[in-house]
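For the sequence shown, position 139 (counting from the first letter as 1) is numbered 138 according to numbering that gives the first Met the number 0, and the numbering increases by one without interruption. Just so you know, even glycine gets a beta-carbon here, dropped at the ideal spot from N, CA and C. These figures come from a predicted structure and were not determined experimentally. A short write-up of the structure that comes next.
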Amino acid sequence: MFTPTLNGSFPRFPEPARSKLLSEALEKHRDGIIIDTTLHRAFDRASVEAVVEMIAAGIEIPSDGQIRWQDEIAYMCAGLDGFRGGFEGDPDAEYDDYWRLYNPRRRSSTPDSELQVAYPEAVRKITWHKSVVVDDFCFMAVRSPVEVRAVITGPFSLARSVKPGIYGEDIRQLTLDIASALNEELKILCKAGAKYVLVEEPLLLYNKDQAGIFAEASKVLCADVEASVMVGTHGSDVLGIEDVLLESPFDGISFDMLNGADNISVLEKKGFWGDKIIQIGLIDSESEVIETPMAIALYLIDLSNYHNAGNIWVAPSGGMRNLSRTTAFNKLKAMSEGADWARRELARREVPGGKIRSEE
């Protein structure tokens, strides 16, 4: 009931007064002082620290924070065969080793600055090549006391974020081939023990006229996948494609309530979403302002009038990478406290005469 979770990313680096192990490792790797294995260890430690903070903030189903990810495109393409380009100083390199993105030939005054990475280009049919997030999931799953949710960028958004290359204008086939490749990834995730997967589709709501392709790709992506798979929508509302989402094979839908306030009109259709999990993005993932637990609680309680509270999850509106670590922690803590308060208030409502505190 009112499960606190988050979308993919968590701030990569702690504040300056705290550990600098990861930023220092990145700088040394770019200068050619340390090897890939040493950098991997730094990412491992930073990922564990991020999940520890999420759990301490009250998150019940964390991701790994995507601490290893430089962006949502390059990391995904590294595990798929058929992409070329994207490496500074070597634009024709195959997309077969994500760690080449941390190019030691590049000099930077700030170790956490973003690399200038070219978009991958499809030079042959896209197929699954090797683990994209499976290894990351397995590493964290054995170290976390709670279930960890695997996160991938979905085929619809990936296909519109790369150069189509040999696919030309056939964006549909590119989307379907990526969906087929990622279906292999999801099935391997299931074998590795993943119970929850979030498929981020940040470009869906900007391309509603192509919702038919999204629907077709979703069936390919989720075929024979046993985990609970949720699709994440961002940047706007789902009006006009709510039926497509309802009929999709996804077990849950994530709604961005900060940038898609009109989503409330489809969320207030009692019973419309059936048994699907409804994830509500209430926390502003781009603002430093800390939300109040009571506002979150009252929103969740109101939503429970339309949906089974056991199928309502609460999360930030998007990834939290751009926030400071302290701000992200405090926002998640407020969200979790609000969810807990809402649970207790619903329990009180089951007692004759029970009221929400603000109504007393």
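Practice task
May I ask you to verify whether the region 154-165 touches the region 118-137, counting CB pairs closer than 8 angstroms and requiring at least 3?
Solution key: yes
Problem - For L322 and D236, the rounded distance between their alpha carbons - result: On the sequence shown, residue 236 is found 237 positions in, with the first residue counted as 1. On the sequence shown, residue 322 is found 323 positions in, with the first residue counted as 1. Going from the Cα of D236 to the Cα of L322 covers about 23 angstroms.
Problem - Inter-residue spacing [alpha-carbon to alpha-carbon] between G259 and R83 - result: The residue labelled residue 259 in the question sits at position 260 within the sequence shown. The residue labelled residue 83 in the question sits at position 84 within the sequence shown. Answer to the nearest angstrom: the Cα atoms are 35 angstroms apart.
Problem - Of the residues R40, S62 and H233, the one placed nearest D283, counting alpha carbons only - result: Within the sequence shown, numbered from 1, the residue matching residue 283 stands at position 284. The option with the nearest alpha carbon to D283 is H233.
Exercise for the section: Have a look at A73 and F155 and give me their C-alpha separation to the nearest angstrom. Expected result: As a working note, residue 73 is residue 74 in the sequence shown. As a working note, residue 155 is residue 156 in the sequence shown. Their Cα atoms are separated by approximately 15 angstroms.
Problem - Cα-Cα separation, H306 to Y166 - result: On the sequence shown, residue 306 is found 307 positions in, with the first residue counted as 1. On the sequence shown, residue 166 is found 167 positions in, with the first residue counted as 1. Each residue's alpha carbon lies about 42 angstroms from the other.
Practice task
Can you tell me which of the three DSSP states P3 falls into?
Solution key: By 1-based counting over the sequence shown, the position of residue 3 is 4. Strand.
Problem - Nearest neighbour of I151, chosen from A140, D301, V132 and V145 [CA to CA] - result: What you label residue 151 is simply residue 152 of the sequence shown in a count that begins at 1. For I151, the nearest C-alpha among the options comes from V132.
Practice task
Taking the CB atoms as reference points, tell me whether N310 and I276 lie closer together than 8 angstroms.
Solution key: Working through the sequence shown from its first residue, we reach residue 310 at position 311. Working through the sequence shown from its first residue, we reach residue 276 at position 277. Yes.
Handout entry: Identity of the residue in A49, L21 and L238 nearest L203 by Cα
Key = The sequence position of residue 203 within the sequence shown is 204, counting from 1. Taking only the C-alpha atoms, the option nearest L203 is L238.
Practice task
Jot down the residue ranges of each uninterrupted alpha helix (DSSP H) in the region 144-172, minimum 4 residues, whole runs only, in chain order.
Solution key: 154-158
Practice task
Specify whether the region 54-65 and the region 330-346 touch according to this definition: at least 3 beta carbon pairs, one from each stretch, less than 8 angstroms apart.
Solution key: yes
Problem - Top-ranked residue by Cα proximity to A327, from E285, I300 and W340 - result: Locating residue 327 in the sequence shown gives position 328, counting from the first residue. Checked all of E285, I300 and W340; the closest Cα to A327 is E285.
Handout entry: Assigned secondary structure, E87 (DSSP; H/G/I helix, E/B strand, else coil)
Key = Walking along the sequence shown from the start, residue 87 turns up at place 88. Residue placement at E87 is poorly supported in this model, since its pLDDT is 42, which falls under 50; the coordinates still yield a value, given next. In this structure, E87 counts as coil in the three-state DSSP scheme.
Practice task
Measure the CB-CB distance between E241 and V265 and report whether it falls below 8 angstroms.
Solution key: Taking the first residue of the sequence shown as position 1, residue 241 is located at position 242. Taking the first residue of the sequence shown as position 1, residue 265 is located at position 266. Yes, the Cβ-Cβ distance between E241 and V265 is below 8 angstroms.
Practice task
Using alpha carbons as the reference points, say which of T36, L220 and I60 lies closest to L331.
Solution key: For this step, residue 331 is matched to residue 332 along the sequence shown. The shortest C-alpha separation from L331 is found at I60.
Practice task
Could you check the C-alpha separation between E23 and F136 for me, to the nearest Å?
Solution key: Taking the sequence shown and counting its residues from 1, one reaches residue 23 at position 24. Taking the sequence shown and counting its residues from 1, one reaches residue 136 at position 137. Going from the Cα of E23 to the Cα of F136 covers about 24 angstroms.
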